[in-house]
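Enquirer: Its first residue numbered -13, the sequence shown is counted upward by one per residue in my numbering.
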Amino acid sequence: MSSANGSHPMTLFDAAANAMSAQLVRMNAATSNLANAGTVAGSAAGAYRPLRPVFATVLDSTTGIASVKVQGVYQSGAAPVRNHDPDNPMADANGDVWGSGVDENAEMLEITDASREYQNVVEAMQTAKQLTLDTMRMKTS
């Protein structure tokens, strides 16, 4: 079995690139959630729902290398927050507006964690690159 793209067996560098891409999607979803944290709508259905990426494992059976791919980015089931604000032009007939229900602290933690994971993958890739170069030098000596 070949890698996810079908053209060649997966390498450590392919796995690292997949992992870095997944962490970027995770950071982008969290920053989108933060950007919409203070938004309101005139109905619960119209309120912003936080985004959550879903990941799937990709295993290359020829090399035994496992990686990750983004299966999709979906709206979470977080309930919108109802606030009574009759002076808001978006208020419904009861004088309520519906907030996004975004937990700003949780989103900041998500961004921080994704950033750390991204950096860990970069460091692992740099180590793999150095080991590959060292091995090539040993063969030519």
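Ideal placement from N, C-alpha and C gives every residue a C-beta, glycine not left out.
Looking at R35: is its Cβ nearer than 8 Å to the Cβ of Q61?
Expert: Along the sequence shown, one-based indexing puts residue 35 at 49. Along the sequence shown, one-based indexing puts residue 61 at 75. The answer is yes: Cβ separation under 8 Å.
Enquirer: Note the first and the last residue of the continuous beta strand (DSSP E) segment covering S53.
Expert: Residue numbering aside, residue 53 sits at position 67 when the sequence shown is read from its first letter. Per DSSP, S53 belongs to the beta strand (DSSP E) from I51 to Q61.
Enquirer: Whole angstroms is fine: what's the gap from L10's alpha carbon to Y104's?
Expert: Residue 10 sits at position 24 when you count from the first residue of the sequence shown. Residue 104 sits at position 118 when you count from the first residue of the sequence shown. Each residue's alpha carbon lies about 8 Å from the other.
Enquirer: I believe I97 touches T17 by the beta-carbon criterion, under 8 Å. Please report the beta-carbon distance rounded to the nearest angstrom.
Expert: Position 111 of the sequence shown, counting from 1, holds the residue named residue 97. Position 31 of the sequence shown, counting from 1, holds the residue named residue 17. Their Cβ separation, rounded to whole angstroms, is 7 Å, which keeps I97 and T17 in contact under 8 Å.
Enquirer: So is A79 buried or exposed if we call it buried at 16+ other beta carbons inside 10 Å?
Expert: Stepping through the sequence shown from its first residue, residue 79 is reached at position 93. Classification of A79: exposed, given that the 10 Å Cβ count is below 16.
Enquirer: Name the one or two DSSP bridge partners that H70 has.
Expert: To locate residue 70, count along the sequence shown from 1; it is residue 84. Partner(s): D82.
Enquirer: Should A30 and S86 be called a contact, given that it needs their Cβ atoms to be closer than 8 Å?
Expert: Mapped onto the sequence shown, residue 30 falls at position 44. Mapped onto the sequence shown, residue 86 falls at position 100. In this structure, S86 does not lie closer than 8 Å to A30 by Cβ.
Enquirer: For P75, count the other beta carbons within 10 Å of its own beta carbon; 16 or more makes it buried, fewer makes it exposed. Which is it?
Expert: Within the sequence shown, residue 75 is the residue found at index 89, counting from 1. Exposed, by the Cβ-count rule.
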